[in-house]
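Right, one structure below, let's go through it.
In the numbering used here, the protein residues as written are -2 to 137.
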């Protein structure tokens, strides 16, 4: 297997993954015939091409444009991992913003503006306070 992490193509294609995961994951993807560009393309269209192909799964060869069913399964897993990472980052930003809002506004006001319950505002705000605390979460 010729996984060339030094070229950074796999690192770029799998930027949503922890760096320590990339070598083994890249090897698994290559074994299934998946290239870094295929991962980038699947993520770029948010898995729409994979979903469209899977909708034709009664047709022989539906997965062949991607390199087969293993490749489709692995590509779909990367779209899912990317989406999960995006959701996590957005949730982090929301929590920090709500914590900031609670310093200036009442929970009732924040809840009405955001369209959530007051209890949810407190829950989100607590997470934001924890993230902002010294030694809190160190993710970007």
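The beta-carbon is built from N, C-alpha and C at its ideal position, and this holds for glycine as well.
Proximity to residue i [Cα-Cα], best of the options
i           : options         : result
residue 73  : 55, 58, 51, 84  : 51
residue 80  : 5, 95, 12       : 12
residue 60  : 30, 25, 42, 105 : 30
residue 129 : 17, 90, 112, 26 : 90
Rounded separation between residue i and residue j - CA only
i           : j           : result
residue 109 : residue 131 : 30 Å
residue 3   : residue 85  : Residue placement at residue 3 is poorly supported in this model, since its pLDDT is 45, which falls under 50; the coordinates still yield a value, given next. When rounded, the distance between both Cα atoms is 28 Å.
residue 58  : residue 65  : 8 Å
residue 46  : residue 5   : 25 Å
residue 41  : residue 101 : 38 Å
residue -1  : residue 56  : In this prediction, residue -1 has a pLDDT of 49, which is less than 50 and means its spatial position is unreliable; nothing more can be read from the coordinates.
Where the alpha helix (DSSP H) through residue i begins and ends
i           : result
residue 72  : 66 to 101
residue 18  : Here residue 18 belongs to no alpha helix (DSSP H), and DSSP marks it neither H nor E.
residue 107 : 104 to 111
residue 127 : 115 to 129
Contact check, residue i vs residue j, beta carbons under 8 Å
i           : j           : result
residue 15  : residue 33  : no
residue 69  : residue 43  : no
residue 67  : residue 35  : no
residue 107 : residue 98  : yes
residue 125 : residue 103 : no
With 16 other Cβ atoms within 10 Å as the buried cut-off, status of residue i
i           : result
residue 96  : buried
residue 114 : exposed
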